[in-house]
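Here's the structure, in C-alpha cells; my notes come after.
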Amino acid sequence: MRKPTQVVAAVIIDDQQRILITQRPLHKSQGGLWEFPGGKVENSESNEEALVREIKEELGVKIAVGEFIHSCQHDYGNTVIELIVYFSKINEGSIHLNEHIDMEWISVEELEQYEWAPADVPIVDKIKENLETKLEIK
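For the record, in the sequence shown the residue sitting at position 92 is 92 according to this note's numbering, with numbers rising by one throughout.
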C-alpha cells in the first residue's frame, strides 16, 4: 500500500456548541461535498502547526487546537490520505471563505443531513461520541 498523505482537519466549535462545516469547490476532487476544513501537513510541521496554518489560509482566522478526535485512512484510488482530526476553536478573526464555496454552523444533530467527502464520514460518529462530554479547548 502507498504511503498515505497526512491531512489534518479542524472540527471548529463555537460558544453555542455548533460545528463549522465547509463545502468543497465544484471544480476540485470531491466537489460540492461537505468537509471539516484543513489540509496537508508539510514536512517540517507538527499536525497542530499545519492545522493552524491551513485554517488561516482557508478561512482567514486563527484557531486554538484542542483535543484529538480521531484519525483514519481513506483510499481515493489515485491517493491515500490519513485524516487526523482535532477539536478547535476560533480565537482571532472573522471567517472569510478563501477556498470553499459555502459554510454552515450546524448542531451535532444536523451532521447526518449533509453529503460528506468520503474521508470525513467516519469523523461524524466520533464527533457525536465526543460532544456528549463537555468540550474544553484552551
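Positions of the beta carbon are idealized from the N, C-alpha and C atoms, including for glycine.
Original post:
Per DSSP, which one or two residues make a beta bridge with F68?
Top reply: Answer is Y86, bridged to F68.
**OP:** Tell me whether T22 is buried or exposed, calling it buried when 16 or more other Cβ atoms sit within 10 Å of its Cβ.
**Re:** buried
Original post:
Is the stretch 98-115 touching the stretch 50-66 in the sense that three or more CB pairs, one from each, lie closer than 8 angstroms?
Top reply: yes
Original post:
Straight-line CA distance for L51 to E35?
Top reply: The alpha-carbon atoms of L51 and E35 are separated by roughly 14 angstroms.
Original post:
Is there contact here, the stretch 24-39 with the stretch 4-16, by at least three beta-carbon pairs under 8 angstroms?
Top reply: yes
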